[in-house]
Amino acid sequence: MPRRGRSRRIVHLASSNSECRDSVSVGDLDEPSPLNCMKKLCDVVSKLSEKIDLLLTDKAGKQ
């Protein structure tokens, strides 16, 4: 199933930013540091890309 270009970019962004999630330790979660903000952003992008993939798969299945 071919993916749309936008979805591919979002998924690539989520996968390429996985190292920023790994670099944030548990001790950093209490302070609003740039790494903590980046971790939250990575999590949001990852969840969004999963939902977009589910929507595209569902839409392709109905056609």
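The sequence shown begins at 9 in this note's numbering and counts up one residue at a time.
C-beta: ideal position from N, C-alpha, C; glycine also.
Keep in mind it's a predicted model, so treat the numbers as computed, not measured.
Asked	Found
With 16 other Cβ atoms within 10 Å as the buried cut-off, status of CYS45	exposed
Exposure of LYS67, with buried meaning 16 or more beta-carbon neighbours within 10 Å	exposed
Reduced DSSP category for SER41 - H, G, I as helix; E, B as strand; rest coil	coil
Alpha-carbon to alpha-carbon, LYS70 and ARG55	Reading off the sequence, residue 55 comes out as Lys, not Arg. Roughly 23 Å separates the two Cα atoms.
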